[in-house]
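*Asks:* Using mature numbering (1 follows the signal peptide of the UniProt record, and there is no 0), the letters of the sequence shown map in sequence onto residues -18 to -1, 1 to 772.
Just so it is clear, CB atoms sit at the ideal spot from N, CA and C, and this is done for glycine as well.
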Amino acid sequence: MFRFFLLLMLFWASFIFSQNVEGNVILKDKKPVAYAEIILKKNQLKFSAISDEKGHFKIQLKEKGNYSLEVFNDGELILSDEIDVDGDVNRNLEIPNSDLQKAKISEHKIEGVLVMGKKKIIERKVDRLIFNVENSVASQGLDAVEALAKTPMLRTTDKSISIAGKSGVAVMVNDRLLNISGDELINYLKNLRSDDIQKIEVITTPPAKYEAQGKSGLINIVLKKNTSFGWNVSLQSSLKNLYWNVPSVSTRYGATVNYQGKKISASASYTDGNFYWRMKGYEYSSGNNSFWNTDSYFFNNLRNKSTDWKLEYKLSDKSTIGGSYTYFFANPLETVKNSSSIKDESGERRFTSDAVALNHRNNHYATLFYDLKIDSLGSKLSISGNLISNNANADDFYNTQTDQLVSTYINPINQYRIYSGQVDLEKNFKKFKTESGLKFTKIKNDSYFNFYDLNDGIQTMNSTQSNNFFYDENNYSAYVSGNYELSEKWSVKAGLRYEFTELTGISPNENLTTKNHYGKFFPTAYIGYKPNDNNAFSINYSKRINRPSFRDLNPFKYISSAFEYSSGNPYLRPSFTDNVEFSYVLKNNFTITAFHNYSKNDWDRLQRIDNGMKYTIIFNFYNQNQTGVSLSYNYTKLSWLEANVFLNAYYVTSKTFVDDAIQMPGSYGSDFNVDNTFFLNKSKTISFMLGAWGNIPYKEGNTSFKGIASVYSGLKLNLMDKKLMLNFLMNDVLNTEREKGTEFYKDFGTQYYFKGISRNLSLSLTYKFGNNDVKGATKQLKFDDQNRAR
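#1: May I ask which residues mark the beginning and end of the beta strand (DSSP E) holding Arg533?
#2: Can you tell me whether Leu468 is buried or exposed, with buried defined as 16 or more other CB within 10 angstroms of its CB?
#3: Runs of 3 residues minimum, wholly inside the region 480 to 533: which ones carry the beta strand (DSSP E) assignment?
#4: Taking all protein chains shown into account, decide if Asn271 is buried (16 or more other Cβ within 10 angstroms of its Cβ) or exposed.
#5: What are the start and end residues of each continuous alpha helix (DSSP H) run of 4 or more residues lying completely inside the region 653 to 734, in chain order?
#6: At which residues does the alpha helix (DSSP H) containing Glu105 begin and terminate?
#7: Using C-beta distances below 6 angstroms, list every residue in its chain close to Thr685, excluding the 5 sequence neighbours before and after it, in chain order.
#8: Closest to Lys426 by C-alpha separation, out of Lys191, Ala691, Asn456, Leu420, would be which residue?
#9: Determine the burial state of Met595: buried for a count of at least 16 other Cβ atoms within 10 Å of its Cβ, exposed for fewer.
#10: Classify Val115 as helix, strand or coil using the three-state DSSP reduction.
#11: Mind checking whether the beta-carbon of Ile246 lies closer than 8 angstroms to any heavy atom of the ligand GDP?
#12: Helix, strand or coil for residue 799? Go by DSSP, reduced to three states.
#13: Measuring alpha carbon to alpha carbon, tell me which of Leu554, Thr390, Arg332 ends up nearest Val338.
#14: Taking buried to mean at least 16 other C-beta atoms within 10 Å of its own C-beta, is Thr186 buried or exposed?
#15: Below 7 angstroms CB to CB, which residues in the same chain sit around Leu436 once its five sequence neighbours on both sides are set aside?
#16: Use the C-beta contact count for Ser543: other C-beta atoms within 10 angstroms, 16 or more gives buried, fewer gives exposed.
#17: To the nearest angstrom, report how far apart Ser306 and Leu369 are at their CA atoms.
#18: By alpha-carbon positions, which one of Lys36, Arg590, Asn2 ends up nearest to Pro14?
#19: Since Trp622 sits in a beta bridge, which residues does DSSP pair it with?
#20: Using a Cβ-Cβ cut-off of 6 angstroms (strictly less than) and excluding sequence neighbours within five positions of His38, which residues of its own chain qualify?
#21: Nearest to Ser695 by CA position, among Val656, Asp729, Thr732, is which residue?
#22: Counting only the same chain and skipping the five closest in sequence on each side, list residues whose C-beta sits under 7 angstroms from that of Gln180.
#23: Specify the secondary structure class of Lys172 as computed by DSSP and reduced to three states.
#24: Along the beta strand (DSSP E) that carries Val338, what are the first and last residues, could you check?
#25: Nearest CA to the CA of Asn381: which residue from Thr138, Tyr434, Val567?
#26: Sorted by chain position, which residues of the same chain lie with C-beta nearer than 7 angstroms to Met261's C-beta, five sequence neighbours on each side aside?
#27: Buried or exposed: Trp675, going by 16 or more other Cβ atoms within 10 Å of its Cβ?
#28: For the region 500 to 517 against the region 477 to 486, are there 3 or more C-beta pairs whose distance is under 8 angstroms?
#29: Go through the region 174 to 216 residue by residue and report every complete run of the alpha helix (DSSP H) that reaches 4 residues or more, in order.
#30: Given that a residue counts as buried once 16 or more other Cβ atoms are within 10 Å of its Cβ, and exposed if not, what is Ser612?
#31: Strictly by DSSP, which residues pair up with Lys737?
#32: Give me, in chain order, the residues of the same chain whose beta-carbon lies closer than 7 angstroms to that of Lys750; leave out the 5 immediate sequence neighbours on both sides.
#33: Name the residue from Lys287, Ile668, Glu45, Lys191 whose alpha carbon lies nearest to the alpha carbon of Asn465.
#34: By the 10 Å Cβ neighbour count, where 16 or more other Cβ atoms means buried, how is Lys413 classified, buried or exposed?
#35: So does the region 544 to 558 actually touch the region 126 to 136, counting three or more Cβ pairs closer than 8 angstroms?
#36: Using a Cβ-Cβ cut-off of 8 angstroms (strictly less than) and excluding sequence neighbours within five positions of Asn48, which residues of its own chain qualify?
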């Protein structure tokens, strides 16, 4: 199938290049002007380039005609002229040393083209921090996960992405929330090349335009816009070696094709992956002359395939219509082996358990949208509709060995559909910008938990252990916000979002129907002050909500052995978080942010041991205050080094309000990230990477977490005029990455430890050909409720 798909894309990609504009920016004494920005404009088309260290620039154009030409140096206009393009053109820009506003132009014909771009590496706007990936040499030739790792305030691993001071994060591409999470999100981002990313926006207090769901902030990945027409193809492949007694190699390969025409933008991609993961650990619970100790071993093999199609059609200069479709199939095989020893009032006993789970997941994501430009000030009307369809079916086999063998077979089936429609209106005035919108979301989830006893291979339905759960949720939301430029130095932004939720959960086996509804206002406010180009201040506030997932609300017991189970809570309520931040940016490379957040009615798992059974239930059981400060610095003064340093320190207090969870005392915490890229040649095509991240011990809720640290290193090569990129990366060089902590309860405490194969060697290869400035269709699904479906 992959070969057919690749041939189809190559056939689709049979287009030709067009005329080019190329030249050198030089001073009167013939010295080159490096990193000058060259801009060509025609009607509403805009093409930009940045001169390299030798003053050279290249731009590719599809249309002939008359273009306006502007050249900027350090943000100041140094040249303004016009150029008539009727084929390949070269223009050498001679800038007089004494007066950069006056330039002489010479012209002659040539062939060939290249596009470059440059901006400040770090910028601060009133509601977000911006990391300009296109201007970071160290961030080129990477995947999106690696680019995120170089972004101030962010931490990434092979399993998660987080913002400092936040417990989680949602990721958007071009202002549209990605509808995947966990491993699926990481795998998706690994297929996105940093060369296609213009900037990464870190939004720690999201404005009213975005969903209020989640305690976390948002990460918005903004892709480069098309600067020319044509096509390109990218082929990717990666290998990751894992070793734990026996070697195993994770593989991923894929292909992407993009096309940009005068009216049509399109892209298609295919990815195939085979991933291995191993982990071992323990949970030791003890108290009141009793204990429950479990040692565990986990092995996962995840095979997945995905394809993604996007199409946009420009109806006119003002309106665009389009759609996208993504199909994702996963077939993970999960194996768990446990060895447990128990001592209680009944005496001491031991048992072993093992589980083998083969899952089948089919996910479909589709969207349609219509964008209409209303006026020349950038006002826009956007209408979109989305659909998510998920079908998951698993075959789970459990064996528990005590003095006799107890075998079970469980067939969980989960089907959900999520529908949404929304309208967004941006209305701009000369100094004032407004945003408003409406959205409706309907969630329908049907879960079937079929439990069978196994005797000599014969399956017998156990109706007392089986369960069905049906869940329906409707969300209605509306928002309005305004952004006003008081002066060149002062700006303010404020917004208000209202969300109303009504839900129904039905558990026939428990003869339980739960209904609930609630509405809440979510205000946001921002003030920005920029006295000059070297200093910027901002203060902001936002309120957020964190709703539980479907499974968290299901009251039935999920059996993991004859003595252990977990259960949801139909009476679980959402938690709410208030966030306040004050930020200062110096010279666009040093940022300091002071923050405070208060979470009310937070929820998490609580363990209990009763009558020889160990079980876990989710409860709302604590409130939390967190106050801290974060520092980030981007160093680029040396031509052979680009370094990013981040430090976050905070103080957290939690107050529990259930009897069996012990409240932790106030605790200091800190985490850091240091990322260094050393360029080994003048052209910066060979670079060596060395970095580290970690955190000190801290306390939260009823849990004390141990510290952690990790070192990584690698080599990056850009070959064949940057068409071939090779990356070698060694993760967790010292093999120190693990999870360790203690949960405190009234009658006992639980120590836990989990260690995966974090030390591994990976090799990734990307080869691209065609017009590298073509990005294809860039609209993404905007669906904000996918993270509820855990």
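*Replies:* On the basis of the supplied data:
#1: Counting from one through the sequence shown, the residue named residue 533 turns up at place 551. It is not in any beta strand (DSSP E) - Arg533 instead sits in the alpha helix (DSSP H) that spans 532 to 535.
#2: Here residue 468 refers to the residue found at position 486 when the sequence shown is read from its first residue. So Leu468 counts as exposed.
#3: 494 to 514, 517 to 528
#4: By 1-based counting over the sequence shown, the position of residue 271 is 289. Classification of Asn271: exposed, given that the 10 Å Cβ count is below 16.
#5: Counting only runs of 4 or more, we get nothing.
#6: As a working mapping, residue 105 is identified with position 123 in the sequence shown. Counting along the chain, Glu105 falls outside any alpha helix (DSSP H), though it belongs to the beta strand (DSSP E) covering 104 to 107.
#7: The residue you call residue 685 lines up with position 703 of the sequence shown. Cβ neighbours of Thr685 beyond the five flanking positions: Gly723, Glu725.
#8: In the sequence shown, counting from the first residue as 1, residue 426 sits at position 444. It is Asn456.
#9: Taking the sequence shown and counting its residues from 1, one reaches residue 595 at position 613. The residue is exposed, with fewer than 16 neighbouring Cβ atoms inside 10 Å.
#10: If you number the sequence shown from 1, residue 115 lands on position 133. Of the three classes helix, strand and coil, the one that applies to Val115 here is helix, per DSSP.
#11: Of the ligands one can find in the structure shown there are none, so the ligand GDP has no counterpart to examine.
#12: Residue 799 lies beyond the residue range present for the chain, which begins at -18 and ends at 772; the question has no answer from this structure.
#13: Reading the sequence shown from its first residue, position 356 is the one you call residue 338. Thr390 is the residue among Leu554, Thr390, Arg332 whose C-alpha sits nearest the C-alpha of Val338.
#14: Walking along the sequence shown from the start, residue 186 turns up at place 204. Per the 10 Å Cβ criterion, buried.
#15: Here residue 436 refers to the residue found at position 454 when the sequence shown is read from its first residue. The residues are Ser389, Thr390, Tyr391.
#16: Here residue 543 is taken as the residue at index 561 of the sequence shown, counted from 1. Buried is the label assigned to Ser543, since at least 16 other Cβ atoms lie within 10 Å of its Cβ.
#17: Here the question's residue 306 lines up with position 324 in the sequence shown. Here the question's residue 369 lines up with position 387 in the sequence shown. Near 11 angstroms, if we compare the C-alpha coordinates of Leu369 and Ser306.
#18: Here residue 14 refers to the residue found at position 32 when the sequence shown is read from its first residue. Checking every option, the nearest Cα to that of Pro14 belongs to Lys36.
#19: Taking the first residue of the sequence shown as 1, we reach residue 622 at position 640. In DSSP, Trp622 forms no bridge with anything.
#20: For the purposes of this step, residue 38 is identified with residue 56 of the sequence shown, where counting begins at 1. For His38, where only same-chain residues beyond five positions count, the Cβ hits under 6 angstroms are Asn6.
#21: Taking the first residue of the sequence shown as position 1, residue 695 is located at position 713. Per the Cα distances, Val656.
#22: As a first step, residue 180 must be located in the sequence shown, where it is residue number 198. Around Gln180: Val115, Glu116, Val204, Leu205, Lys206.
#23: The sequence position of residue 172 within the sequence shown is 190, counting from 1. Helix.
#24: For this step, residue 338 is matched to residue 356 along the sequence shown. For Val338, the enclosing beta strand (DSSP E) starts and ends at 329 to 355.
#25: To locate residue 381, count along the sequence shown from 1; it is residue 399. For the residues Thr138, Tyr434, Val567, the minimum Cα distance to Asn381 belongs to Tyr434.
#26: As a working mapping, residue 261 is identified with position 279 in the sequence shown. Phe280, Phe736, Lys737, Gly738.
#27: Looking up residue 675 in the sequence shown gives position 693. Classification of Trp675: buried, given that the 10 Å Cβ count is 16 or more.
#28: Yes: at least three Cβ pairs fall under 8 angstroms.
#29: none
#30: Against the sequence shown, residue 612 aligns to sequence position 630. In summary, Ser612 is buried, with 16 or more beta-carbon neighbours lying within 10 Å of its beta-carbon over all protein chains present.
#31: As a first step, residue 737 must be located in the sequence shown, where it is residue number 755. Answer is Lys262, bridged to Lys737.
#32: Translated into positions along the sequence shown, residue 750 becomes position 768. Answer for Lys750: Asn214, Val215, Ser216, Lys705, listed in chain order.
#33: As a working mapping, residue 465 is identified with position 483 in the sequence shown. Comparing Cα positions, the closest option is Lys191.
#34: The residue given as residue 413 occupies position 431 in the sequence shown. Exposed is the call here.
#35: no
#36: Numbered from 1 along the sequence shown, position 66 holds the residue referred to as residue 48. Lys24, Glu64, Ile65, Asp66, Val67, listed in sequence order.
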